[in-house]
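In UniProt numbering, the protein residues as written are 1 to 335.
Just so you know, even glycine gets a beta-carbon here, dropped at the ideal spot from N, CA and C.
Scroll down for the structure; my scribbles are underneath it.
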Ligand code: UD1
């Protein structure tokens, strides 16, 4: 079975490509390298001993995608390629809507031309919006978001749902990720954003490497046990394996399914900081600062549906996540 992975050189995409190759799938990567580095493909080859076909290409390039589909028999798509910075999406909404919606729709059009009917979509827990109680369950009705980035996820979920209504023999799996962190055991792949990281773990890793002076914890007065926000952190390799299970499900099914990929546990910012310190035997300088606009106090997944539908559950501990995140950051920083 050949799988086209868009955004396959990115953080979650690259880990998923490794799991696919190790499981014997043929893999074709399309990535425009706007937020990834070309040497990720070499690293994937070092880890797996196999090199995926690679096209440096924007997913909005319809003729380009047609060429990919002509050169490979594509049986399924895993669509990661998207802009993903929440704050930037507030400043540049048009760019986010144009890029994220256009690439998903272009992909669907080309899939239709070539008769490809399996679509695994990289969605996010952000689609539960600000008003649902946690743990979040897939059948919650209010699907909305608080940023243009998040709305692109909501809208693409809607587009795929409507597409399946019109084409009942199509299968779309909407994977709603919680907070993926950590790295592949090899230390060769990881979350390596350009510029100053927005997300917590890459920020912690740069502080640990001495590249940033200290962590600012956004808010210490939330209504949570220690006053800092709680999230459902999951190991990126568990998340990658979740995509394989989704693909196996899609092979034998039609219709649309939304599925959470999370551990089902809430961990606070302070707990994560202390877990990182303990796992890596170091001290992290931090201060408690003001809240960040748009952050919710606490949320985590109801993880039952993934277990029932795919037989998937997260297996790595928070300690595993912290250790592997540091292994990767150390190598990247040349330590
Ligand atoms: C964010 C996005 C989410 C997106 C996900 C992955 C928002 C509101 N949500 O999730 O839609 O899918 O990233 O890109 O932006 N924190 C600090 N100090 C820091 C950085 C973060 O204290 O320097 C805290 C945050 O307040 C939060 C937690 O760490 O409580 C996790 O933050 P982050 O990693 O940015 O993820 P989310 O905000 O949960």
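Does the region 310–324 come close enough to the region 272–286 to have 3 or more Cβ pairs within less than 8 Å? Contact between the region 310–324 and the region 272–286 is present, because at least three Cβ pairs lie under 8 Å.
Give the secondary structure of residue 235 by DSSP, where H, G and I count as helix, E and B as strand, and everything else as coil. strand
Cβ-based burial, residue 94 [other Cβ within 10 Å; buried from 16]: exposed
C-alpha gap between residue 3 and residue 52, whole angstroms: Rounded to the nearest angstrom, the two C-alpha atoms are 10 Å apart.
Cα-Cα separation, residue 61 to residue 121: The alpha-carbon atoms of residue 61 and residue 121 are separated by roughly 19 Å.
What number of angstroms, rounded off, separates the C-alpha of residue 116 from the C-alpha of residue 56? 21 Å
Examine ligand 1 and report whether any of its heavy atoms sits within less than 7 Å of the Cβ of residue 131. Within the chosen limit of 7 Å, ligand 1 does not reach the beta carbon of residue 131 with any heavy atom.
Which one or two residues does DSSP pair with residue 177 in a beta bridge? Per DSSP, 124, 261.
Return yes when the C-beta of residue 231 is under 7 Å from any heavy atom of ligand 1, and no when it is not. yes
Helix, strand or coil: which one does DSSP assign to residue 348? No statement about residue 348 is possible, as the shown extent of the chain runs from 1 to 335 and does not include it.
Sorted by chain position, which residues of the same chain lie with C-beta nearer than 7 Å to residue 90's C-beta, five sequence neighbours on each side aside? 147, 148
Less than 8 Å separating the beta-carbons of residue 300 and residue 232? yes
Measure the C-alpha to C-alpha separation of residue 270 and residue 169 and round it to an integer number of angstroms. 47 Å
Work out the CA separation of residue 130 and residue 345 for me, nearest whole Å. Summary: the structure shown does not reach residue 345, with the chain confined to residues 1 through 335, and so no result is reported for it.
Quick check: is any heavy atom of ligand 1 less than 7 Å from the C-beta of residue 102? No, the beta carbon of residue 102 sits no closer than 7 Å to any heavy atom of ligand 1.
Which one of 185, 125, 276 has the shortest CA to CA distance from residue 260? 125
Using only the alpha-carbon positions, how far apart do residue 71 and residue 334 sit? 39 Å
Backbone CA spacing between residue 22 and residue 134 [nearest angstrom]: Rounded to whole angstroms, the separation of the alpha carbons of residue 134 and residue 22 is 35 Å.
Residue 12: CB within 7 Å of a non-hydrogen atom of ligand 1: no
Helix, strand or coil at residue 159 according to DSSP, with G and I counted as helix: helix
Quick check: the Cα distance between residue 287 and residue 223, rounded to an integer number of angstroms? 19 Å
Going by the C-beta, is residue 86 closer than 7 Å to any heavy atom of ligand 1? yes
Step through the CB atoms of chain D and report whether any lies within less than 8 Å of the CB of residue 297. Among the protein chains of the structure shown there is no chain D, as only one such chain exists.
For ligand 1, is there a heavy atom less than 7 Å away from the beta-carbon of residue 217? yes
Let's see if you can read the secondary structure: which residues bound the beta strand (DSSP E) around residue 31? 26–31
Got a sec: does ligand 1 put a non-hydrogen atom nearer than 7 Å to the Cβ of residue 295? With a cut-off of 7 Å, the C-beta of residue 295 is classified as near ligand 1, since at least one heavy atom of the ligand falls inside that distance.
With distances taken from CA atoms, which of 272, 305, 247, 225 is nearest residue 262? 305
Under 8 Å between C-beta atoms of residue 79 and residue 240: no
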